[in-house]
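Engineer:
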Amino acid sequence: MSIEEARRDKTPGIRSIQMPPEDLQDLIDALTQTPETVTDLVKDLSGPDLRVKNSPEEFSVVENVCHLRDIEIEGYTARISRILRENNPILPDIDGSRLAIEREYHSQNLSEAL
Numbered sequence: 005m006s007i008e009e010a011r012r013d014k015t016p017g018i019r020s021i022q023m024p025p026e027d028l029q030d031l032i033d034a035l036t037q038t039p040e041t042v043t044d045l046v047k048d049l050s051g052p053d054l055r056v057k058n059s060p061e062e063f064s065v066v067e068n069v070c071h072l073r074d075i076e077i078e079g080y081t082a083r084i085s086r087i088l089r090e091n092n093p094i095l096p097d098i099d100g101s102r103l104a105i106e107r108e109y110h111s112q113n114l115s116e117a118l
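Taking the working numbering, the leading residue of the sequence shown gets 5, the next gets one more, and so forth.
(1) Using 10 angstroms around the beta-carbon of Asn-68, count the other beta-carbons present and answer buried if the total reaches 16, otherwise exposed.
(2) Consult DSSP for Val-66 and reduce its assignment to one of helix, strand or coil.
(3) Quick check: is the beta carbon of Arg-86 nearer than 8 Å to any beta carbon in chain B?
(4) Between Arg-73 and the rest of its own chain, which residues show a CB-CB distance below 6 Å, the 5 nearest in sequence each way excluded?
(5) For the alpha helix (DSSP H) holding Gln-29, just list the boundary residues, first then last.
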């Protein structure tokens, strides 16, 4: 099933989507470059610009960076590891908003989070 077909398919349940190898490699390359891309995007920001929120529900720049860090480590890396090690692993949801509050993303240091 292609990605387009999966989007149109409203049947409940798990679907299998096949990605052409060249698209998969492009995705892997983009993900590999993400830390450098994020660093480049925020390198010229400082002070209050790092902590501005457009609304109470949204993350500031520093909160977004902390979120990306934690979701990468505790979400994706942990899940991929379990998928490779276990049969039918249970993959718990990660509440990014809860983590932001509990870990006080708003007060963290951007350089350390990067």
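Quick reminder that beta carbons are idealized off the backbone N, C-alpha and C, glycines included.
Structural biologist: Reading it off the structure:
(1) Counting C-beta atoms within 10 angstroms of its own C-beta, Asn-68 has 16 or more neighbours from the protein chains shown and is therefore classed as buried.
(2) It is helical.
(3) Looking at the structure shown, chain B is missing, and only one protein chain is on hand.
(4) Ala-117
(5) Residues 25-46.
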